[in-house]
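Enquirer: Position in the sequence shown (from 1) plus 20 gives the number in the numbering used here. Built from N, CA and C at the ideal position, the CB exists for glycine as well. The model shown is predicted, which means the values in this text are computed figures rather than measured ones.
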Amino acid sequence: MKPDYDLVVVGLGSAGIVAAEFAADLGLRVAAVEASRIGGDCLWTGCVPSKALLASARVAHHMRTANRYGIAPVEPDVDLVAVWQRIRTIQQEIAMTDDSPEHFRELGVELIFGRARLAGRTTVEVGDRRLETRYTLIATGSRPAVPELEGLADAGFVTSETIFELERPPRSVVVLGGGPIGVELAQGCRRLGISVTLLQRGARLLPRDEPELTSIVEQVLGDEGVDVRPGANVRSVSTGTGRKIVHAEIGGREDWFEAEEILVAAGRTPNLDGLGLAQLGIETTPRGVTVDPRLRTSVASIYAVGDVAGRYLFTHNAAHEAAIAVRDMFFPGSGKPADLVPWCTFTDPELASVGLTAAAAQERNGTQATRVWRRELARSDRARADGAVEGVIMLVTAKDKLVGAHVLAPGAGELIQELALAIRSGTKLRDLAGLVHVYPTMATSVQQLAGEAAYEYGRRWGRRLRIGRR
Ligand SMILES: Cc1cc2nc3c(=O)[nH]c(=O)nc-3n(C[C@H](O)[C@H](O)[C@H](O)COP(=O)(O)OP(=O)(O)OC[C@H]3O[C@@H](n4cnc5c(N)ncnc54)[C@H](O)[C@@H]3O)c2cc1C
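(1) DSSP on Glu-232, reduced to helix/strand/coil?
(2) Where DSSP assigns a beta bridge to Ala-408, which residues make up the other side?
(3) Below 8 Å, is the gap between the Cβ of Ser-215 and the nearest heavy atom of ligand 1?
(4) According to DSSP, simplified to helix, strand and coil, what is Thr-387?
(5) By DSSP's criteria, Glu-152 is part of a beta bridge. Which residues make up the other side?
(6) Kindly indicate the opening and closing residues of the alpha helix (DSSP H) around Arg-450.
(7) Run through DSSP, which three-state label would Asn-337 get?
(8) Which residues in the same chain as Asp-26 place their Cβ atom closer than 6 Å to its Cβ, once the five residues preceding and following it in sequence are excluded?
(9) Beta carbon of Gly-424, beta carbon of Ala-378: below 9 Å?
(10) Across which residues does DSSP place Thr-310 in a beta bridge pair?
(11) According to the Cβ coordinates, are Val-325 and Glu-341 closer than 9 Å?
(12) Determine whether the Cβ of Cys-209 lies closer than 9 Å to any Cβ atom of chain B.
(13) Measuring alpha carbon to alpha carbon, tell me which residue in Ala-40, Val-30, Thr-156 is nearest Glu-126.
(14) Compare the beta carbon distance of Leu-63 and Gln-111 with 9 Å and say whether it is the shorter of the two.
(15) Report the CB separation of Ile-302 from Thr-317 in whole angstroms; it is logged as a contact under 8 Å.
(16) With Pro-290 as the anchor, note down where its alpha helix (DSSP H) starts and where it stops.
(17) Going by DSSP, what residue range makes up the beta strand (DSSP E) through Arg-249?
(18) Express the C-alpha separation of Thr-217 and Ser-373 in angstroms, rounding to a whole number.
(19) Measuring straight from C-alpha to C-alpha, what distance separates Gly-411 and Ala-429?
(20) Three or more beta-carbon pairs under 8 Å between the segment 340-360 and the segment 398-416, yes or no?
(21) Nearest to Arg-135 by CA position, among Ala-165, Ile-436, Val-28, is which residue?
(22) Kindly indicate which residue of Ala-408, Arg-404, Gln-382 has the alpha-carbon position closest to the one of Gly-418.
(23) Less than 9 Å separating the beta-carbons of Leu-295 and Leu-157?
(24) Quick one: grab the DSSP three-state call for His-426.
(25) Pick helix, strand or coil for Tyr-477, following the three-state DSSP scheme.
(26) So, using beta-carbon positions, are Thr-90 and Glu-54 closer together than 9 Å?
(27) Would you kindly work out how many angstroms separate the C-alpha atoms of Thr-367 and Leu-186, rounded to a whole number?
(28) Is Thr-305 helix, strand or coil when you go by DSSP?
(29) Pairs of beta-carbons, one from the segment 243-254 and one from the segment 201-210, closer than 8 Å: are there three or more?
(30) With H, G and I counted as helix, E and B as strand and the rest as coil, what does DSSP make of Ser-20?
(31) Using the Cβ count rule (16 or more neighbours within 10 Å means buried), how would you classify Val-466?
Given below as structure tokens:
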């Protein structure tokens, strides 16, 4: 018997949206099941609200530091309720346009609201409906992991899922976790006048990024008034005089930190509950659903992508994997998931990375073959003109091949694209340097650094590249 659908997408977040749109464009019969709101983590609790928060925070910061530009600085009168309202307005705009139910219906996607359970290899159940399908895509995302800490549940806390829904944002917060989410929200909140303590269990913030660059981020946060505490072993939480108190051991000493609110940003947990995967023999780990290089689970008609598959927890990766999975279902062998995924933490300055860190490159290629090239942003004419000289561009090469790039700069999330393409396409350093870049941009520094590296490698190219002033 012919199934009702070619594809049932479970979860309409970043991954599910792309999969449903793509499959509908191909003329396939598609149903999409969503337990909550179309848009998922990115729209409602992740990228969009955090970037909107950071935009307001940047304005406040510029007002406070305007003297650097010959303008009298002012302490901004921040209306936190209005900032939070602005975030919701932006979310609603997106929800009513790109992510609206009408948009999907016009594409021919059947929308089903409810919690899905995989009842068989080709059957998805939603309430009392049974959907028969050729393929199923699990795109149920992830949620904040909440550590088991004595007193935390009783004291109450917020996460990225709830902080943007607050009617009255807190005046002070202790952030648990120094990964990208904790760090972005810490800077955003601090710049908006909220008192912030950031407790990080590890020795440094943003452990997946280049240590030299993360230490500058830590310095910037500290200069802006975030109380950054690395190496913090949080023991318990208590309450007193209407405030929440986090008890931690740092460097062998007991300490405590008090605030109106606790923000838990201590990692992510895949959304697997109630999907019925174990009954189907689909393997999972604490990171998520186990998939093969084609993004198939151990049941070949069921794929898993995005956060729930636990590879790179970013919207762009979720969208990429979704497209690859749909291609693999209907045009087998026509693509595989990227193993080169750039990412960016949207602090100010932004910190973006792609490829290998210096340490990873040394481990893979040996210390002899690995070289690290760095250029301070202070040497960039554009950075000087913009008054934004805190930052470094780092290129990691193995022999004369670019294998990693790490950028701490305003707009690093944009700058990293060129470097990602260079790594993926095996672009020679001299070709990167030889590409005429617009002056004055931060990208001019990328070109100059590539020129330095190309010159050093064998001096084949003959002369140092001179674009703009050095
Ligand atoms: C504060 C914060 C900031 C972030 N900033 C960025 C950023 O700047 N850039 C970036 O790339 N990434 C960012 N991320 C990460 C990004 O949000 C996620 O990687 C991305 O949303 C994952 O997409 P997804 O489709 O896998 O899951 P999601 O977007 O979470 O979508 C999953 C969907 O599945 C639904 N669902 C779950 N279970 C079921 C079920 N049983 N039945 C039906 N539906 C179900 C959920 O309701 C949800 O709508 C951020 C995350 C956070 C928390």
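Expert: Based on what the coordinates show:
(1) helix
(2) According to DSSP, Ala-408 bridges with nothing at all.
(3) no
(4) coil
(5) Thr-143
(6) 449-454
(7) helix
(8) Leu-48, Arg-49, Arg-154
(9) yes
(10) For Thr-310, which the question treats as bridged, DSSP gives no partner whatsoever.
(11) yes
(12) Any reference to chain B falls outside this structure, which holds one protein chain only.
(13) Ala-40
(14) yes
(15) 5 Å
(16) Note, Pro-290: premise wrong, no alpha helix (DSSP H); beta strand (DSSP E) at 288-290.
(17) 247-249
(18) 26 Å
(19) 5 Å
(20) no
(21) Val-28
(22) What sits at residue 418 in the sequence shown is Ala, not Gly. If we check each option's Cα against that of Ala-418, Gln-382 comes out closest.
(23) no
(24) strand
(25) coil
(26) What sits at residue 90 in the sequence shown is Gly, not Thr. Cβ distance not < 9 Å, so Gly-90 and Glu-54 don't count as in contact.
(27) 22 Å
(28) strand
(29) yes
(30) This structure does not reach residue 20, given that the chain is present from 21 up to 490, and the question cannot be answered.
(31) buried
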